[in-house]
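For what it's worth, this note's numbering labels the leading residue of the sequence shown as 494, then goes sequentially.
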Amino acid sequence: MLCARLPAIPRQPSRSPILLQPSIPRRPLLALALLAAGLLTAPLLRAQEAASAPAPAQAASPAAANPAAAKKKHSATARKAPKAKAAKPTRHAKGGTAPGSADARAPALGQTAAVLAFAAEHAASLNQTPEQIAALLAQARILPSVQRLIMPTPAGTAKDWMAYRDRFVEPRRLQAGLAFWEANAEALARAEESYGVPAEIVLGIIGVETFYGRIMGGFRILDALATLSFDFPTGRSDRSPFFREELHQFLLLSQRDGLDPLALKGSYAGAMGLGQFMPGSWMRHAVDFDGDGHADLINSPADAIGSVANFLAQHGWQRALPTDYTVAAPAGTAERAQLLAPDVRPTFTPAQMQALGARLSEGGQEHTGKLALIELQMGDAAPVYVAGTDNFFALTRYNQSAYYAMAVISLGRKLGQMRRAGIE
494 MLCARLPAIP RQPSRSPILL QPSIPRRPLL ALALLAAGLL TAPLLRAQEA ASAPAPAQAA
554 SPAAANPAAA KKKHSATARK APKAKAAKPT RHAKGGTAPG SADARAPALG QTAAVLAFAA
614 EHAASLNQTP EQIAALLAQA RILPSVQRLI MPTPAGTAKD WMAYRDRFVE PRRLQAGLAF
674 WEANAEALAR AEESYGVPAE IVLGIIGVET FYGRIMGGFR ILDALATLSF DFPTGRSDRS
734 PFFREELHQF LLLSQRDGLD PLALKGSYAG AMGLGQFMPG SWMRHAVDFD GDGHADLINS
794 PADAIGSVAN FLAQHGWQRA LPTDYTVAAP AGTAERAQLL APDVRPTFTP AQMQALGARL
854 SEGGQEHTGK LALIELQMGD AAPVYVAGTD NFFALTRYNQ SAYYAMAVIS LGRKLGQMRR
914 AGIE
């Protein structure tokens, strides 16, 4: 999951003497400490203070979101943190914290030896002291649900492509996709012009990832990444080094863009926004596509659209190239195994595939690049196959699963068919 041209103006830490005043109450002191650390901005500090005040009898109605592309640019120093959506509350991902759950009783991370080592390692890049970083990380919690959800599917579980596809290519998601397309047609067309990625593909990714923004995850990102960085569960290959780097990128992102690291929420793996970008992908591939001066992948559909397209372009997407062709796999077991061995990476020319017994469609036979034989298991039935191109491979850089890539393609194709037919 998975960022390019954000203005990178690091915020220098404040050295406010107010931190030394013993009369400051404990709760504001924590917020002020984070402010001094450069990991909480002054506007967010004021927001926290306002949130602790008694609520008025009736709150004013929030203004409707305006995703128009012609927003006025403002300076990085005046940059605002992403605002909460006004229209609909974000639904929590499966396994999100609930009152009385194991997560609700989860212990704080604390200042363990691993946390202190992480803080010392990244102090220079964050322009903070190790103590400041450790103080922030001490506020994270170890979430049992994150440890459970990161575990792989039990061995022996049969894969079923059609069952997987039907989770995404279904009436409610299709209607939401058509509405999202209608509301963001200009940004989708501009993304295709700029990056060569068709609207159907971008719509497929955002639809599969978050149901067009309806389900963006309810896990606090700091908790999720801290859990996977410092208490990765046993029973699968240890990926804690990957998540420690994502935690580092998350702190860099929060500092650079003036975001509150204690407030941002997303998936159990630490992905955020409509396209579910991991922090590192956000840092490398996110783009300001609505022209307001910063990339907001949580609240700006245009920024999310442009960033998804940019991610694919940076990972080898080729303009006007199909994602896949129809193919019949070889009857011979050895030949089929040889074609499947490279997995999703295009390795064979059409002539080589056919020499091994594969039967390609006419379009596949005329393909000038290399192809991969993709097997999609169908439960107890015989598997089906497609011949994947470099663009299919690019989709698997977003999520390393052929089933995911085919779900994105299938959802996008169905939306394209419905829009061309005038179905609403």
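C-beta atoms are modelled at their ideal positions from N, C-alpha and C, and glycine is treated no differently.
From a predicted model like this one, the values you see are computed outputs, not experimental measurements.
Residue i and residue j closer than 8 Å at C-beta
i	j	result
Phe782	Ala795	yes
Thr889	Ala895	yes
Thr842	Ala865	no
Ala684	Ile798	yes
Pro772	Leu715	no
Val801	Gly768	yes
Leu602	Ala719	yes
His808	Ala900	no
Leu904	Gly697	yes
Met765	Leu805	no
Gln870	Trp674	no
Leu609	Ala627	yes
Arg852	Ala898	no
Phe770	Thr816	no
Leu667	Leu908	yes
Ala669	Tyr705	yes
Asp883	Gly862	yes
Leu721	Phe736	yes
Phe712	Gly759	yes
Gly710	Phe661	no
Straight-line gap, residue i to residue j (C-alpha atoms, nearest Å)
i	j	result
Met776	Gly850	44 Å
Thr727	Ala848	45 Å
Ser554	Leu636	Summary for Ser554: the model assigns pLDDT 31, below 50, so the residue's position carries little reliability; its value from the coordinates is reported in the next sentence. Going from the Cα of Ser554 to the Cα of Leu636 covers about 34 Å.
Thr819	Ser854	5 Å
Val639	Gly856	44 Å
Leu523	Phe723	Bear in mind that a pLDDT of 39 at Leu523, under 50, signals an unreliable position, so the model cannot answer this.
Arg913	Ala672	14 Å
Arg829	Ala692	34 Å
Pro835	Gly689	27 Å
Phe725	Thr703	25 Å
Ala599	Arg634	6 Å
Ala561	Ile694	In this prediction, Ala561 has a pLDDT of 35, which is less than 50 and means its spatial position is unreliable; what the coordinates show is noted afterwards. Whole-angstrom Cα-Cα distance: 22 Å.
Ala656	Thr650	13 Å
Leu740	Phe611	10 Å
Lys576	Pro823	Confidence at Lys576 is low in this model, with a pLDDT of 44, below 50, so its placement is unreliable and no value can be given for it.
Val877	Ile902	15 Å
Ala617	Leu629	16 Å
Thr646	Pro623	38 Å
Gln632	Gln604	9 Å
Gln621	Leu746	14 Å
Pro664	Ile708	17 Å
Ala788	Gln893	25 Å
Arg749	Val780	14 Å
Glu686	Ser730	41 Å
Ser774	Asn803	11 Å
Gly786	His778	15 Å
Ala591	Arg658	Confidence at Ala591 is low in this model, with a pLDDT of 44, below 50, so the placement of that residue should be treated as unreliable; the coordinate-derived value is given next. Straight-line Cα distance between these residues: approximately 29 Å.
Leu814	Glu614	44 Å
Gln811	Tyr891	15 Å
Gln625	Glu859	60 Å
Val837	Asp873	23 Å
Gly825	Leu642	38 Å
Ala875	Ala680	41 Å
Ala652	Ile867	In the sequence on display, residue 652 carries Lys and not Ala. Straight-line Cα distance between these residues: approximately 14 Å.
Ser733	Asn792	29 Å
Terminal residues of the alpha helix (DSSP H) in which residue i lies
i	result
Gln847	Pro843 to Ala848
Met911	Ala895 to Arg913
Ser760	Note, Ser760: premise wrong, no alpha helix (DSSP H); not H, not E.
Asp796	Pro794 to Gln807
Phe611	Ala606 to Leu619
Thr826	Thr826 to Leu833
Ala599	From DSSP, Ala599 is part of no alpha helix (DSSP H); its letter is neither H nor E.
Residue i: first and last residue of the uninterrupted beta strand (DSSP E) it sits in
i	result
Met871	Ala865 to Met871
Asp753	Per DSSP, Asp753 belongs to no beta strand (DSSP E) and is neither H nor E.
Ala875	Ala874 to Gly881
Paired residues, beta bridge with residue i - DSSP
i	result
Leu853	Val820
Phe770	Met765
Arg634	Ala601
Asp789	DSSP, once it has assigned bridges, lists no residue as partnering Asp789.
Asp653	Met871
Chain B within 8 Å of residue i, Cβ atoms only
i	result
Val695	No chain B is present in this structure, which holds just one protein chain.
Check: residue i C-beta below 7 Å from any heavy atom of the ligand COA
i	result
Glu702	The ligand COA is not part of the structure shown, which contains no ligands of any sort.
Those runs of the alpha helix (DSSP H) which lie wholly inside the region 658 to 714 and span at least 4 residues: 664 to 676, 678 to 688 and 692 to 703
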